[in-house]
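Residues 1 to 133 in full-length UniProt numbering are what the sequence shown lists, from first letter to last.
Down below is the structure, laid out as structure tokens.
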Amino acid sequence: MERVTGIGGYFMRARDPEALSAWYQDMLGIDTTDGVWRQAAGPTVVAAFEDETDYFGSRPDGVDRQQTMLNFRVDDLDAMLEQLQAAEADVVDEIQEMEGIGRFGWVTDPEGNRIELWEPAPGAEFPETSEKL
């Protein structure tokens, strides 16, 4: 049976696409000047959440719940959050840790999308197939 081999893209609507693209490049280091971002190899978690979850956050002014949340792997969560705070990005003042999985923090982009930042736990092992975590 054929299966997908990775995430090929993530697309979002924006009031100002150029400004939002610049924010992702300046704040998170995602350089898409050639139209493609080459990410480092590593695990990608795909999970469905209950419909009523507030984990993804809300759009500005509480208008509509955010339907998806982008999660980026980072090497050093503390350093990334400090860098974002120094650049006056909207960083959530909370870090969560899941034993054996890693640490999580959040930032909101200028369009109101909550983004999760994940520092995988040292030595964390993830299935090589599509098994559930």
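Backbone N, C-alpha and C fix where the C-beta goes; we use that ideal spot for every residue, glycine too.
This structure is a prediction, so every number in the text was calculated from the model and none was measured.
Check                                                                                                                                                                             : Outcome
Measuring straight from C-alpha to C-alpha, what distance separates R103 and M12?                                                                                                 : 25 Å
Take every Cβ of the segment 45-56, pair it with every Cβ of the segment 67-74, and state whether three or more of those distances are shorter than 8 Å.                          : yes
Report yes or no: do three or more beta-carbon pairs, one from the segment 91-99 and one from the segment 28-38, lie closer than 8 Å?                                             : no
Which same chain residues end up closer than 7 Å to T33 when comparing Cβ atoms and leaving out the 5 residues on each side of it in sequence?                                    : none
Grab the span of the alpha helix (DSSP H) containing E18 for me, first residue to last.                                                                                           : 17-28
Using three-state DSSP, classify D78 as helix, strand or coil.                                                                                                                    : helix
Could you name the residues of the same chain whose beta carbon sits closer than 8 Å to that of A87, not counting the 5 residues immediately before and after it, in chain order? : D26, M27
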